[in-house]
Every structure is written in structure tokens, then in C-alpha cells.
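Here the sequence shown stands for residues -17 to -1, 1 to 70, numbered as in mature numbering (1 follows the signal peptide of the UniProt record, and there is no 0).
Quick reminder that beta carbons are idealized off the backbone N, C-alpha and C, glycines included.
Small disclaimer: the values here were computed from a predicted structure and weren't measured.
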Amino acid sequence: MLLASTALILATLAGYAALCTVSPFAVCRTCSGTGLRNTRRRSMKLCRRCKGRRYRLRTGRRLFHTGQHIHQAGTRHTADRDQEFPA
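So this is what it looks like as C-alpha cells:
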């Protein structure tokens, strides 16, 4: 039972990772992809969440980019290593 549930969870995560790779942007849920939102006075303004672009970055893709930036910030570039340790 544990093996089956673990396999199901891993398959779900792999499917979501594939979805984030193929289609990193999704339709904004706040404005339903219009880029505009209604205000109390019935006027239209740009959506705050997507800034009027109609699409938002998926959560999985945002996590991937954050991990990439953390890794790059903590890793020295090869050019720095060559200057520090000449052959």
C-alpha cells in the first residue's frame, strides 16, 4: 500500500513538472485571463496579480527559478576559479 501511494505521488509530481516545463504560464485566476478587474465604482483597472498581462507564472516554475537563483548565487563561476587558482 505504501509503495503504491508513493508511486502515485511521484507520478503526480513528475506530471506537474512536465506541465511546468511545457507550459510555464497559466491563465490568471483573478481576472480570468482578461487582464482587467472590476472596481466598486464599476470602472475597469488592470489586474494586480498579473499586471494586465493575462497570464501568471505557475507555482512549480516559480519554485524552480528560485532554486536556480539560489544555486547560482552560491556557486562561483569558472572564470573566477581560473583567476584565483592559475594553472
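Check                                                                               : Outcome
DSSP bridge partner residues for residue 8 (one or two, in chain order)             : 40
Distance CB(residue 20)-CB(residue 30) smaller than 8 Å                             : yes
Residue 7 versus residue 37 - alpha carbon distance                                 : 13 Å
Check whether residue 18 and residue 35 have beta carbons under 8 Å apart           : yes
C-beta atoms of residue 32 and residue 13 nearer than 8 Å                           : yes
First through last residue of the beta strand (DSSP E) which encompasses residue 28 : 27 to 29
Assigned exposure category for residue 59 - 16 Cβ within 10 Å defines buried        : exposed
Contact check, residue 3 vs residue 41, beta carbons under 8 Å                      : yes
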